[in-house]
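What follows is a set of notes on a single structure, which appears directly below.
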Amino acid sequence: MTTTESAPAAAPRTFIGKASNYLEERSGISVAVKEFGRKVFPDHWSFMLGEVALYSFVVLVLSGTFLTLFFQPSMAEVEYHGSYAPLSGMHMSAAYASTLHISFEVRGGLLMRQVHHWAALMFVAAAGLHMLRIFFTGAFRKPRELNWVVGFTLFVLGMAAGFTGYSLPDDLLSGNGLRIIDGVLKAIPIVGTWLSFLMFGGEFPGSVIISRLYMAHIMLIPALIIAMIGLHLLMVVLHKHTQYPGPGRTNNNVVGYPLLPVYAGKAGGFFFIVFGVLVAIGSLVTINPIWAYGPYDPSPVSAGTQPDWYIGPVDGALRLVPPHIESVIFGWTFSWNILIPSLIFGIVLISVAIYPFVEAWVTGDRREHHVLDRPRNAPTRTAIGAALMTAYSVMWAAASGDLMATHFHVDVFLVTHVLQVLLFVGPVVAYFITKRICLGLQKKDREIVLHGIESGEIVRLASGEYVEVHKPIDEYERWRLVDFTSYAPIERTHPNADGKITFGSRMRAALSRWFYEDRISPVKPSELTSGHEQPESLPDN
Amino acid sequence: MKRTAKKTGRRSPLASVALLGIGLLFTGGAYVVVSQTANATSASASASASTASDLVDEGQKLFSANCATCHGTSLEGTGSGPSLVGVGAAAVSFQVGTGRMPMANQGAQAPAKAVQFTDEQISALAAYVAANGGGPEIPDESLLQGNGDAAHGAELFRTNCAMCHNVSGAGGALTEGKYAPALNTVTPQHIYEAMVTGPQNMPVFSDTNLTSTDKQDIITYLLYVRENASPGGIDLGNLGPVAEGLFLWIFGLGIIVAFTVWLASKSN
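So this is what it looks like as structure tokens:
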């Protein structure tokens with residue numbers, strides 16, 4: 059490495075030197091190595107969650123390639139004569155039979171299947187956790203709004219990849235899942251039945267859906283995911299990485315270590331850790347035991363039929379909606395009990411996707427942000443996030459209402475009714491509690507900056523008074539606590555050129571008040587020097 | 003007629019009561035033997051018949067003392083319990099043999115609990131109930147060995163049982179607090195009896211619906227699932243994607259996040 063950099067004139071003598079020189083003379087790669095190798099990344103555990111998703115994807119590609127060698131995406135009927143006795147002689151699709159073959163006869167097949175499925179759950183989970191980190195630290199703000207949308211698309215693509223893959227073995231469980239999708243399609247007013255027939259090539263389940271899903275699962279969706287990952291990472295490089303507030307960290311720098319050699323080593327090692335954990339789980343814990351579910355047959359439905367976790371909220375929303383909401387308009391049936399849950403889930407997804415733009419519009423904040431917010435320093439955003447998470451979690455929990463009923467010995471109807479109420483009350487409660495907690499934490503930060511940390515030392519003054527000694531914090535710690543901006547709401551709505559105040563600007567002002575009204579400003583230098591007095595201007599949350 | 007609770011270890015205050023009970027049992031047993039030998043001299047051929055009628059008498063006493071409050075003194079049923087005319091010996095063997103009866107309290111459904119009677123007492127109760135209206139009998143041992151066709155049993159199970167009991171027999175929720183219990187610890191005899199008698203909320207699967215061979219096949223499948231551990235490793239209770247998702251979020255992602263914290267920690 060050093061040979062190419064230190065003495066370009068002298069001919070390299072080591073093998074690595076010669077190889078690098080050979081490459082350099084033919085590709086000019088050193089420009090890229092210089093650019094990327096010196097890319098600085100800040101250190102924080104929460105910055106590695108996206109990496110987990112990326113590595114899970116690599117594991118998915120590797121294990122998935124193995125599976126395609128043996129899987130037959132066909133719904134042709136075959137008779138099973140493999141080694142799993144309780145299915146011997148059963149009629150089933152070639153897809154199901156080949157999945158059994160992979161599980162029981164192909165060497166390492168079951169391990170690969172389980173690693174693939176666990177990695178899929180991990181991919182979406184890590185992506186979700188990564189999104190939460192981005193949201194709560196405000197990393198989606200300018201200039202990263204578009205990358206948020208790309209990341210959101212990746213999350214949705216991950217769900218799509220997961221669902222199409224889950225359906226491929228053509229087992230009873232996934233067949234029931236497909237039946238629900240079929241029902242949702244058919245609920246679309248007017249065109250629903252046609253769409254369903256288009257997708258399944260006739261009446262459900264037909265004989266083409268597996269090969270169609272296979273095409274989507276191994277070609278279309280992975281290609282899109284790879285393209286989106288490329289775009290996502292390219293934008294990370296372009297924008298540079300964000301960092302948490304801290305001494306010496308400003309909007310114009312990145313404090314951390316260079317990619318080469320520190321992060322290349324860390325990230326490379328981390329890949330093998332993620333791979334290792336997934337293989338360990340895949341070798342120890344059963345996932346999707348399709349042999350227990352049996353081949354798909356539209357008549358039986360098993361108790362405890364649920365989708366994989368990332369589809370859970372959709373299933374839960376369908377379980378929460380009251381039954382029999384349906385109307386017939388001009389001869390067309392509108393199944394509101396299916397349309398409303400689908401719409402609610404769609405609204406949750408879309409509001410996640412457009413959130414950065416909404417926040418920028420409401421707050422009027424057009425500046426670039428490279429230093430992250432601590433969640434407490436953006437109380438309204440954090441509270442909105444908590445409310446959305448609560449709504450999502452309630453729908454998610456509803457998907458396992460029957461299991462909660464059997465395992466906690468309660469009535470399944472009670473579980474459903476409690477969750478129905480929670481779906482609407484929970485987010486509101488979560489919003490206010492979170493906001494109050496954030497403001498309380500901010501007040502505490504202020505208190506610490508102004509008065510220091512309680513030392514527990516009690517001193518008796520000459521006058522007889524007892525006081526507790528507060529130890530002032532050091533300037534590094536103080537930086538972390540005061541390095542944020544407290545925004546005021548847009549005070550007045552300004553008339554436009556015609557002298558009118560438009561409805562839009564009025565609404566924006568109202569929203570801005572809602573967003574920024576309750577705020578606690580960071581300690582100013584003047585307050586620090588003025589001594590240990592509580593300033594009069596401190597807003598009472 | 004409650005059975006004295008089993009005690010191990012130290013002598014309990016009930017020991018003297020137990021001793022008294024054993025003494026009474028011995029005396030009673032000796033009396034039965036003596037009286038039977040006395041009867042045997044008169045009609046040895048009808049010995050079994052007389053034992054059976056003794057069993058019915060014994061059953062009637064047990065029934066009057068333990069069951070009649072809810073099921074009526076002559077099995078006709080009351081407001082708090084259904085009629086038992088025609089439920090058969092199989093129903094008694096299942097309900098009492100799994101501890102569901104006598105019921106601890108009125109609820110959505112009687113849960114399985116510690117068995118309250120000895121096998122002899124259960125047989126006596128079953129004989130009494132069977133003698134008053136007949137009904138499904140206790141299945142023949144040959145049907146309970148798990149030597150039928152597991153594949154056929156699995157197919158029947160998926161079609162007839164899985165919608166409540168889950169495809170792996172892990173159990174499931176029903177309406178209004180009722181539930182289909184997990185089947186992984188139920189004895190083959192009780193599984194068979196449940197199918198022929200339809201206890202609690204379960205439908206009856208008569209021999210015209212599922213033949214005795216079909217039932218034998220279903221038992222064979224359930225025993226296969228019970229005796230063969232999941233080929234994939236830890237089965238997470240056979241609860242499907244919910245258990246898998248929970249495992250992934252708590253353990254999978256938990257381990258990974260622990261690693262990220264370790265990798266990003268400073269070396270001071």
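So the sequences go chain by chain: X and B. Using my numbering, the final residue of the first sequence is 599, and nothing's skipped along the way. Using my numbering, the final residue of the second sequence is 270, and nothing's skipped along the way. Note that CB positions come from ideal geometry on N, CA and C, so glycine has one too. From a predicted model like this one, the values you see are computed outputs, not experimental measurements.
Per DSSP, reduced to three states, the secondary structure at aspartate 229/X is strand. Between the beta-carbon of leucine 230/X and that of proline 144/X there is about 13 Å, and that puts the pair past the 8 Å contact cut. By the beta-carbon neighbour count (other beta carbons within 10 angstroms, threshold 16), isoleucine 220/B is buried.
Cα atoms of isoleucine 268/X and glycine 174/B: separation of roughly 29 Å, rounded to the nearest angstrom.
Annotation: glycine 256/B to alanine 196/B spans about 43 Å, alpha carbon to alpha carbon. Arginine 425/X carries a coil assignment under DSSP once its states are collapsed to helix, strand and coil. Taking C-beta atoms as the reference points, leucine 265/B and lysine 324/X count as a pair closer than 8 Å. The DSSP-derived three-state label of phenylalanine 333/X is helix. Leucine 430/X is a Cβ neighbour of threonine 195/X, given a cutoff of 8 Å.
At least one C-beta of chain B is nearer than 8 Å to the C-beta of isoleucine 345/X. Listed along chain X, the residues sitting closer than 8 Å to methionine 165/B by beta-carbon distance are Pro358, Val359, Ser360, Ala361.
Using a Cβ-Cβ cut-off of 8 Å, phenylalanine 207/B does not count as an interface residue toward chain X, since no Cβ of chain X sits closer than that to its own.
Distance from alanine 153/X to methionine 170/X at the Cβ level is roughly 16 Å; contact not present, criterion being Cβ atoms closer than 8 Å.
Residue pairing of serine 151/X in beta bridges, as defined by DSSP: Glu135/X. At a C-beta separation below 7 Å, serine 170/B has these neighbours in chain X: Ala350. In this structure the region 195-213 of chain B touches the region 77-92 of chain B; the number of beta carbon pairs closer than 8 Å is three or more. In terms of CA proximity to phenylalanine 124/X, Ile160/X leads the group Met148/X, Ile160/X, Leu508/X. The three-state reading of DSSP puts histidine 102/X in coil, since its state is none of H, G, I, E or B. By the Cβ-count criterion, serine 151/X is buried, with 16 or more other Cβ atoms from all chains shown falling within 10 Å of its own Cβ. Residue burial is scored here from C-beta neighbours: arginine 439/X has at least 16 other C-beta atoms within 10 angstroms and is therefore classed as buried.
Non-local C-beta neighbours of alanine 185/X in its own chain, meaning closer than 7 Å and more than five positions away in sequence, comprise Ala111, Leu212, Phe213, Gly216, ordered along the chain. Per the DSSP secondary-structure output, glutamine 301/X pairs in a beta bridge with Val429/X.
The three-state reading of DSSP puts isoleucine 220/B in helix, counting H, G and I together.
Here isoleucine 258/B is buried. Its C-beta has 16 or more other C-beta atoms within 10 Å. Taking the C-beta atoms as reference points, glycine 239/B is found no nearer than 8 Å to tryptophan 367/X. DSSP, reduced to helix, strand and coil, places isoleucine 124/B within a helical segment of the structure shown. A Cβ-Cβ contact shorter than 8 Å links methionine 180/X with glycine 254/B. Residue Pro190/B holds the alpha-carbon nearest to the alpha-carbon of glutamate 229/B among Pro190/B, Asn68/B, Ala114/B. At a cut-off of 8 Å between beta-carbon atoms, leucine 145/X makes contact with chain B. If only complete runs of 4 or more residues are kept, the region 366-418 of chain X shows the alpha helix (DSSP H) at 370-378, in order along the chain. Within chain B, the C-beta atoms nearer than 9 Å to that of valine 335/X come from Gly254, Ile257, Ile258, Phe261, in chain order.
The beta carbon of leucine 265/B sits closer than 8 Å to some beta carbon of chain X.
Leaving aside the five residues that flank lysine 493/X on each side, the residues in its chain whose CB is nearer than 6 Å to its CB run, in chain order, Pro437, Ala441. Between leucine 190/X and the set Gln301/X, Met447/X, Val406/X, the nearest pair of CA atoms involves Met447/X.
Between glutamine 364/X and chain B, the shortest Cβ-Cβ separation is below 8 Å. Given a length threshold of 4 residues, each whole run of the alpha helix (DSSP H) inside the region 66-135 of chain B is given here in chain order: 70-73, 90-99, 121-133.
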